[in-house]
Amino acid sequence: MRALFWLLILAALAVGLALAARYNEGYVLLVLPPWRAELSLNLFLLASIAGFFVIYLLARAVNHILVLPSAVAEFRQRRQREKAALALRDAWRLLQEGRYGQAMRCAEKARTEPSTSGMLALAGWRAAHAMRDAEHSAQWAMRVREHDAVGLQAARLMTEAEFALEDRRFEDAREALHQLASRQGRHIAALRLSVRAEQGLGNWREVARLVRQLEKHQALTAEQAAPIHSRAVREALRSLREDPSGLMRYWRELDDGDRAEPSLALETARALAAAGDCREAQRVIEDALDESWDVSLVLAYGECGQAGEPAGDVLGRIAQAEKWLERVPRDGALLLTLGRLCRQQQLWGKARSYLEAALAIAPSRAAHVELAQLLDQLEESALAVRHYRAAAVL
0 MRALFWLLIL AALAVGLALA ARYNEGYVLL VLPPWRAELS LNLFLLASIA GFFVIYLLAR
60 AVNHILVLPS AVAEFRQRRQ REKAALALRD AWRLLQEGRY GQAMRCAEKA RTEPSTSGML
120 ALAGWRAAHA MRDAEHSAQW AMRVREHDAV GLQAARLMTE AEFALEDRRF EDAREALHQL
180 ASRQGRHIAA LRLSVRAEQG LGNWREVARL VRQLEKHQAL TAEQAAPIHS RAVREALRSL
240 REDPSGLMRY WRELDDGDRA EPSLALETAR ALAAAGDCRE AQRVIEDALD ESWDVSLVLA
300 YGECGQAGEP AGDVLGRIAQ AEKWLERVPR DGALLLTLGR LCRQQQLWGK ARSYLEAALA
360 IAPSRAAHVE LAQLLDQLEE SALAVRHYRA AAVL
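Mapping of the sequence shown onto numbering that gives the first Met the number 0: residues 0 to 393, in sequence order.
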């Protein structure tokens, strides 16, 4: 419909121009002495229009001729960029397929194109590293470094850290990650690499902190984070065994959930006891047991300071254990602990009754041995022998 409309307009214009030309008797006189030329106005107009189109076409032709070299150069550059983009795509595809030699050759083929040379160098670096080709890996790494100013610095530092971790160069990995953090901050992937680097360096306090950050950002589930965090805290506690004051400072810095975890509380209490600080070990166990009942903590409560501990401390622990007994009256481990504590305090009667009750509820080798040693002290040798034999059977 639109085409028909324009066709009608053009036809009307043609008819109008034809009628105007028919009744137009004007003329044009051109004088260039000694020549004169007289033309009808209609012919002059047609000649002018035709001349305009001829000049326009000639100008276009000359322009095309003048710009032809630059157009050819631009075409070649465009083809080169297209080939480089194709090489980049193929290099990364081959890299993911595990065909590292082909990936490196593909990266080498188009590495001179500025628009893709950085990413191709990164692909070549990864391929060379995967092939354990140290010489080519170093060359590609230098080429990647040349593109730091165009946005590849973060990618280079992440790749350096990753490769350093694979080669167990944990210090180099940490240095690369610190550079990344100082320039662009740490993101989730960098935090994951930092955890591995700090684990390799034995910096367990930092591992625990990083794992908490990953869990907070939902990069690790609680189930994934728990064993890593628990191990990190445990190793950090072990590293402070020779420094009781530092150990307690670190213990107090932990959150309530960590201090309530039985295995960590046990590790801390044993380290403090080994350093001779039984009062703090006692507090650690008591706080943990108030949060969560655990047999290993109960048994450790009766082991600290068995030799040379002040009587008041033992009596205080007996009183605390008897309070717990009201809450869990049939706990064999607690009865065994009470028996040990009473024996330390030379409360022979109470010690014997607690140990016999422990054997009645949950017979164990430790309870038989404790009772046998107590009976030896009470000069009941025959009964002591029976309990030694029972302990040997278990």
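We treat Cβ as the ideally placed atom computed from N, Cα and C, and that holds for glycine.
Listed in chain order, the non-local C-beta contacts of residue 115 below 8 Å within the same chain comprise 80, 83, 84, 86, 87 and 109, local neighbours out to five positions each way being set aside. Excluding residues up to 5 positions away in sequence, 203, 206 and 207 lie with their Cβ nearer than 6 Å to the Cβ of residue 231 in the same chain. Burial state of residue 244 is exposed, judged by a 10 Å Cβ sphere holding fewer than 16 other Cβ atoms. For the pair of segments examined, the stretch 363 to 372 was found to touch the stretch 333 to 345: the number of CB pairs separated by less than 8 Å reaches three. A direct Cα-to-Cα measurement between residue 279 and residue 293 gives close to 18 Å. About 7 Å separates the CB atoms of residue 199 and residue 167; that is less than 8 Å, so the two are in contact. With 16 or more other Cβ atoms inside 10 Å of its own Cβ, residue 119 counts as buried. For residue 170, the enclosing alpha helix (DSSP H) has its first and last residue at 169 to 183.
Residue 262 and residue 301 have their C-alpha atoms roughly 17 Å apart. By the CB criterion at 9 Å, residue 299 and residue 268 fall inside the cutoff. For a cut-off of 8 Å, the C-beta gap from residue 373 to residue 329 is around 21 Å, too long to register as a contact.
Judged by DSSP secondary structure, residue 39 falls within the beta strand (DSSP E) whose first and last residues are 34 to 39.
Excluding residues up to 5 positions away in sequence, 301, 313, 316, 317 and 320 lie with their Cβ nearer than 7 Å to the Cβ of residue 340 in the same chain. Residue 77 counts as exposed, since fewer than 16 other C-beta atoms from the protein chains shown sit within 10 angstroms of its C-beta. Burial is judged here by how many other beta carbons sit within 10 angstroms of a residue's own beta carbon; residue 61 has fewer than 16 and is exposed. The C-beta distance from residue 265 to residue 229 rounds to 12 Å, too long to meet the 8 Å contact threshold. Under the DSSP assignment, residue 292 falls outside any alpha helix (DSSP H); it carries neither an H nor an E label. In the DSSP assignment, residue 115 falls outside any alpha helix (DSSP H), carrying neither H nor E. With respect to the 9 Å criterion, residue 273 and residue 240 are classified as neighbours on the basis of their beta carbons. In the assembly as shown, residue 281 is a buried residue. Its beta-carbon has 16 or more other beta-carbons within 10 Å.
In the structure shown, residue 71 adopts helical secondary structure according to DSSP, grouped into three states. At a Cβ-Cβ threshold of 9 Å, residue 182 and residue 196 do not count as neighbours.
Nearest to residue 191 by alpha-carbon distance, out of 201, 210 and 175, is 210.
Membership of residue 147 in any alpha helix (DSSP H) is not indicated, and neither H nor E is assigned to it by DSSP. Within the DSSP bridge table, the entry for residue 30 names 35 as partners. Distance from the CA atom of residue 260 to the CA atom of residue 225, rounded to whole angstroms, is 11 Å. Its chain contains 236, 239, 240, 267, 270, 271 and 274 as the residues whose beta carbon lies nearer than 8 Å to that of residue 246, once the 5 sequence neighbours on both sides are disregarded; these appear in chain order.
In the structure shown, the three-state DSSP call for residue 362 is coil. Excluding sequence positions up to five before and after residue 213, its CB lies within less than 6 Å of the CB of 190 and 219, all in the same chain and listed in chain order. Secondary structure note for residue 100: its alpha helix (DSSP H) is the uninterrupted segment 99 to 108.
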